[in-house]
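I have placed the structure first, in the form of C-alpha cells, so that the comments after it can refer back to it.
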Amino acid sequence: MPELTRYGFRDAISGFFEFPTENAKRILPAHLEPAELHHGSSIFSMTAFDFTQSMVGPYGEVVMSVIVSPLVKPGERLPKAAFYPYLVGTTTKAARDHAIERWHLPHWMEDVAIGFAREGTQVTANVAVGGAPVADLTISDYSWSPVAHLYQSFMKDGDRAYLAKILMEGGQSEHEEETGHLQLYDHPFNKDLVLSEVSEIPFRELWMRDGMQTFDPLIQLETA
Amino acid sequence: MEAANKKPAGKTTFSDYDYSNFYYGAGDDPLNLLRPFKEWYEEALPNGYYLYSEPVYSAPGTRIRVKNKKTGEVQDLLNLASYNYLGISYRDEVKKAAIEATEKYGLGASGSPILSGTFDVHTQLAEAIASFKDKEAAILFPTGYSANVGFISSLMRAGDTIFCDQYSHASIVDGAILAKSKTVFFRHNNPMDLERKLNRVRGKKLVVVEGVYSMDGDVCVLPEIVEVAKRHGARILIDEAHSTFLFGPNGRGVAEHFGLDDQVDFHLGTFSKSLGGQGGFVCGTQELVDYVNAFGRSRFFSCNLAPPLTAGLLAGLRIVEEEPQLRARLWSNVAYLRRRFAEEGIDIGKSTSQVMPVLVHNDAKVFAIAEKVQDRGLFLQPVTYPAVPKHKSRLRISVSAAHSEAELETAVGVIAGVLREEGICRS
C-alpha cells in the first residue's frame, strides 16, 4: 500500500492573481505550460498554511505558485487544478528539511514568519523574513461547504521533474468578489515576479479551514 | 487505497467540476479530456445543463415554442431569452423582403465578399448602415464575432498593445490573439486602471470597450474612457453589439448617447441583436473601410452574408429609421421591469439597459431555479461560472419592445415567486 503523507491545517488561504504570461513562462520549467485566465494573462497564486499536525510538528508555510496545465491520463481522476510551486517558505527548519527531502520543493532557506490575523469575515496572512515584510495577503469568506478536491503539484529539482497528487479536504469558501488584496514587497523573496505587473486584487479567493492535506507518493516524470 | 483516487478511477462528480476544468490538460493524447468531460457532462445534463440549446420551434417572438430536452415536450413559453430587442426579425416587411430576395438570388452568396460574393443588397446594406451611423462608410462581416476578430486583427500587429475590459466579449479577445498583439486587460469599466496600464506602454495602442456589456447589462463609462485613452494617444474601438439601434437620440449607440460619436475612432455593431438577424459591421472613414476590406481575414475568407438575410436586414433597418417609437417602447419596458424588480427585491446588479441579469448569487441553486422558471412558463437561460465569476450566476433577461406590460408582469411574478421559494430574495 502506498505511503500517504498527511498534514492537518487550521487555515489555508489562497489568493489568485493575474500576471503576465511572459513572467509565468520565465518561472516555469520547459515542460510546463501556464494556464491563462485571459490571453496573455496567467495566474500567480499565494497560499499560506497554518499547519497544526504533521510529521514535523506544527508550522507555517507560504507557497508561491504558478497555475499550470494538469497532467491528464486515461482512467485517472481529473484534478481540479495543477500548480507549480516555485518558492516555499516555512517557519521551521524541520519543515523545510522535510519538504525538500520528500517533495523536492524549492525553499527560501531561512525561517519565515507567518502571522494570521482574522477580522470579521477577513483573514490576513503577513509574511516576513528577518523582520522585513515579504507579502501581506488578505482574503474574505463567502459561504462554506465541505470539499475533497484533488490537485496536482509539479516540482523540478535539478534535471529531475516530479508530480505529487494532493487531496485537499475540509471546509472551503471560494469566491470571485474581488474583495481581497495582496501587497508584495520589494524583497529578494519576490525576485521572480515583476511586482508592478502582478494584480493587487485577487480574481479568486479560496479559504479552507480545519482541513487535511494528503499527498500521494511522489511520481518522477519522464519529461525532465 | 491511494488518497487521490478515493473516488472511482476516472470518475468525475458533477458538482466538483465545471467547464473550466476540462480546458487544460497536458499529456500525450489530445483526446484525454474527452472521457472525463463526457462523464461529467452526462451528469451535468439532467442537473440543468439540458436547459442550454433547447430546440426552438417558432419565431423568437415574445411567445416561443421550445422543446424541453428533459421531457421531450414542446412547450409554449413566454420568451425573455432572445435578443430581438426591437421585435423586428419576424415583422411582415422583413419576411417579405427576405422571401423576395430568396426568389431573386436563391439561398446564399456563393462567394467571398472580395471575389464573387458581393451583391447589390450587400452594397445597399453597407451604405444604409453607414448613413444610419452618420459615417462615411461601412464594411459588413458574416457575424458580430467575425467583425471583432477581423477588424482588430486587420489593424493591430505583433508589438502593438490592445487594452481590453476584463469582461470583453470573446470575439474581442480572439481578435487580439489573432493580431498577435500584447493584450492588457483593465478592470471592468475602470478608467483609473486603464490609465495605470496605459502609462507603461509605448507604441501603437488600441482601447476596446463595449457600449453595453452583454452579461451585466451595464453601460460603458465612455466619457472617462475616451478622456484617458486620448490623453495616452490610444485609438478607441467601441463594440455596440447590444447598443446600436437602441441608445442615443437617433439610435446610433452609446457613443451617440454620450455625444462622443466623433471622439471614438472605430464603431462596430451587429445585426443579430436589435434587428434579430445576423451579421456584423464596422463604420468609419472610406480609407479605413478600404484597408479593412484588404486585411480583414475573417471576412474575406468567409462567404458573404446570404442575400435573403441581407435584404431582410435592409428592411429591418428601414423599420428602425421609420419607427423611433420602437426605441421608446423598449425603454418604457426596461423602466417598467427595473421598477418592478426593485419592488420585488430582485437584484439586477448594475444593469441600466435592456440586458438584465437576475442575480442568484448561488452557483449551486441556479440550475434548479432556471428549471422551475421554465416549468412555470418562462424561457430564460441560466448563466454560471465560467461565463461569469463564481457566485455571480444569474438568469439573463433580454427585454424587447415587443413585450407587453402584461407579459413583463407575468415574468416578474414567476421570477419573484421562484426566487422567494429558493430564499434568494425577500418575501
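So the sequence lines, in the order shown, correspond to chains C and P. Numbered per the working numbering, the first sequence spans residues 12 to 235. Numbered per the working numbering, the second sequence spans residues 21 to 447. Yeah, the Cβ is synthetic: ideal placement off N, Cα and C, and Gly gets one too.
Nearest neighbour of Pro-243/P, chosen from Ala-157/P, Glu-230/P, Gln-186/P [CA to CA]: On the second sequence, residue 243/P is found 223 positions in, with the first residue counted as 1. Cα-wise, what sits closest to Pro-243/P is Glu-230/P.
Min CB distance Leu-89/C to chain P below 8 Å: Taking the first sequence and counting its residues from 1, the one referred to as residue 89/C is at position 78. Interface residue, yes.
Extent of the continuous beta strand (DSSP E) to which Gln-224/C belongs: In the first sequence, counting from the first residue as 1, residue 224/C sits at position 213. Its beta strand (DSSP E) spans residues 215-226.
Endpoints, alpha helix (DSSP H) assigned at Trp-60/P: For the purposes of this step, residue 60/P is taken as residue 40 along the second sequence, with counting starting at 1. Note, Trp-60/P: alpha helix (DSSP H), 54-64.
Where Val-205/C sits in the DSSP three-state scheme: If you number the first sequence from 1, residue 205/C lands on position 194. Coil.
Chain-order list of residues whose beta-carbon lies under 7 Å from that of Gly-253/P (same chain, five-residue window excluded): Position 233 of the second sequence, counted from the start, is the residue given in the question as residue 253/P. For Gly-253/P, where only same-chain residues beyond five positions count, the Cβ hits under 7 Å are Lys-225.
Local Cβ density within 10 Å of Tyr-72/P, reported as buried at 16 or more and exposed below that: The residue labelled residue 72/P in the question sits at position 52 within the second sequence. Tyr-72/P is exposed by the Cβ-count criterion.
Within-8 Å CB hit, Glu-44/C to chain P: For the purposes of this step, residue 44/C is taken as residue 33 along the first sequence, with counting starting at 1. Yes, contact with chain P.
The region 115-124 of chain P in contact with the region 263-278 of chain P per 3-pair CB rule at 8 Å: No, the region 115-124 of chain P is not in contact with the region 263-278 of chain P.
Reduced DSSP secondary structure (H/G/I, E/B, other) of Thr-290/P: One-based indexing of the second sequence puts residue 290/P at position 270. If DSSP states are grouped into helix, strand and coil, Thr-290/P belongs with the strands.
Gly-170/P classed as buried or exposed, judged by whether at least 16 other C-beta atoms fall within 10 angstroms: Here the question's residue 170/P lines up with position 150 in the second sequence. Buried: at least 16 other Cβ atoms inside 10 Å.
Minimum Cβ-Cβ distance from Leu-39/C to chain P less than 8 Å: As a working mapping, residue 39/C is identified with position 28 in the first sequence. Leu-39/C does not count as touching chain P.
Partners in chain P for Leu-82/C, counting only beta-carbon separations shorter than 7 Å: As a working mapping, residue 82/C is identified with position 71 in the first sequence. Per Cβ cutoff of 7 Å: Ala-46, Gly-47.
Min CB distance Ile-197/P to chain C below 8 Å: Along the second sequence, one-based indexing puts residue 197/P at 177. Yes, Ile-197/P counts as interfacial toward chain C.
Tyr-18/C, buried or exposed, once every other Cβ within 10 Å from all chains shown has been counted against 16: Residue numbering aside, residue 18/C sits at position 7 when the first sequence is read from its first letter. It counts as buried.
Test: Gly-51/C CB closer than 8 Å to a CB of chain P: To locate residue 51/C, count along the first sequence from 1; it is residue 40. Judged by the 8 Å Cβ criterion, Gly-51/C is in contact with chain P.
Spatial distance of Ala-235/C from Arg-272/P (CA atoms): Here residue 235/C refers to the residue found at position 224 when the first sequence is read from its first residue. Here residue 272/P refers to the residue found at position 252 when the second sequence is read from its first residue. Reliability of the predicted coordinates at Ala-235/C is poor, the pLDDT of 48 falling under 50, and the value obtained from them is presented with this limitation in mind. Rounded to the nearest angstrom, the two C-alpha atoms are 58 Å apart.
Residues of the region 189-218 of chain P with Cβ closer than 7 Å to any Cβ of chain C, in chain order: Using a CB distance below 7 Å, the part of the region 189-218 of chain P facing chain C consists of Val-193, Ala-196, Ile-197, Lys-202, Thr-203, Phe-205, ordered along the chain.
Distance, Ser-413/P Cα to Asp-383/P Cα: Taking the first residue of the second sequence as 1, we reach residue 383/P at position 363. Taking the first residue of the second sequence as 1, we reach residue 413/P at position 393. Answer to the nearest angstrom: the Cα atoms are 6 Å apart.
Residue of Ile-125/C, Leu-148/C, Gly-142/C, Ala-124/C minimising C-alpha distance to Thr-135/C: Counting from 1 along the first sequence, the entry for residue 135/C is found at position 124. Answer by Cα proximity: Leu-148/C.
Interface flag, Pro-409/P vs chain C, CB-CB below 8 Å: For this step, residue 409/P is matched to residue 389 along the second sequence. Closer than 8 Å: yes.
Which of helix, strand or coil DSSP assigns to Ile-389/P: As a position in the second sequence, residue 389/P is number 369, starting the count at 1. Ile-389/P: helix per DSSP, three-state reduction.
Straight-line gap, Asn-34/C to Gly-433/P (C-alpha atoms, nearest Å): Taking the first sequence and counting its residues from 1, one reaches residue 34/C at position 23. Taking the second sequence and counting its residues from 1, one reaches residue 433/P at position 413. Approximately 51 Å, taken between the alpha carbons.
Residues near Ala-390/P in its chain [Cβ-Cβ closer than 8 Å; skip 5 each side]: Reading the second sequence from its first residue, position 370 is the one you call residue 390/P. Closer than 8 Å at the Cβ level, and outside the excluded window around Ala-390/P, lie Gly-68, Leu-71, Leu-400, Gln-401, Pro-402, Leu-415.
Validate contact between the region 65-77 of chain C and the region 89-106 of chain C using beta carbons, cut 8 Å, 3 pairs: yes
Cross-strand partners of Arg-17/C (DSSP beta bridge): Here residue 17/C is taken as the residue at index 6 of the first sequence, counted from 1. For Arg-17/C, which the question treats as bridged, DSSP gives the partners Thr-225/C.
The region 331-339 of chain P in contact with the region 106-115 of chain P per 3-pair CB rule at 8 Å: yes
Any chain C beta carbon closer than 8 Å to Pro-56/P: Within the second sequence, numbered from 1, the residue matching residue 56/P stands at position 36. It does; some Cβ of chain C falls within 8 Å.
Between the CA atoms of Asp-185/P and Leu-288/P - distance to the nearest angstrom: Along the second sequence, read from residue 1 onward, the residue named residue 288/P stands at position 268. Along the second sequence, read from residue 1 onward, the residue named residue 185/P stands at position 165. Taking the straight line joining both Cα atoms gives about 16 Å.
The ligand NAD heavy atom lying under 7 Å from the CB of Ser-424/P: In the structure on display, the ligand NAD does not appear, and there are no ligands present to speak of.
Under 7 Å by beta carbon: chain C residues contacting Leu-53/P: Against the second sequence, residue 53/P aligns to sequence position 33. Going along chain C in sequence order, the residues near Leu-53/P (Cβ under 7 Å) are Val-83.
Cβ-based burial, Arg-37/C [other Cβ within 10 Å; buried from 16]: Indexing the first sequence from 1 puts residue 37/C at position 26. Looking at its Cβ environment, which holds fewer than 16 other Cβ atoms inside 10 Å, Arg-37/C is exposed.
The alpha helix (DSSP H) enclosing Asp-383/P, as first and last residue numbers: Stepping through the second sequence from its first residue, residue 383/P is reached at position 363. Per DSSP, Asp-383/P belongs to no alpha helix (DSSP H) and is neither H nor E.
8 Å CB neighbourhood of Ser-109/P in its chain, flanking five on each side removed: To locate residue 109/P, count along the second sequence from 1; it is residue 89. Excluding residues within five positions, the ones whose Cβ falls inside 8 Å are Ala-79, Pro-80, Leu-295, Gly-296, Gly-297, Gly-332, Gly-336.
Selected residue, minimal CA-CA separation from Ser-188/P, among Gly-237/P, Ser-102/P, Val-86/P: Mapped onto the second sequence, residue 188/P falls at position 168. When only C-alpha atoms are compared, the closest one is Gly-237/P.
Cutoff 6 Å; reference Val-67/C; Cβ partners in own chain excluding five residues on either side: Here residue 67/C is taken as the residue at index 56 of the first sequence, counted from 1. If we look at Val-67/C and ignore the five residues flanking it on each side, its Cβ neighbours are Ala-105, Ala-106, His-109.
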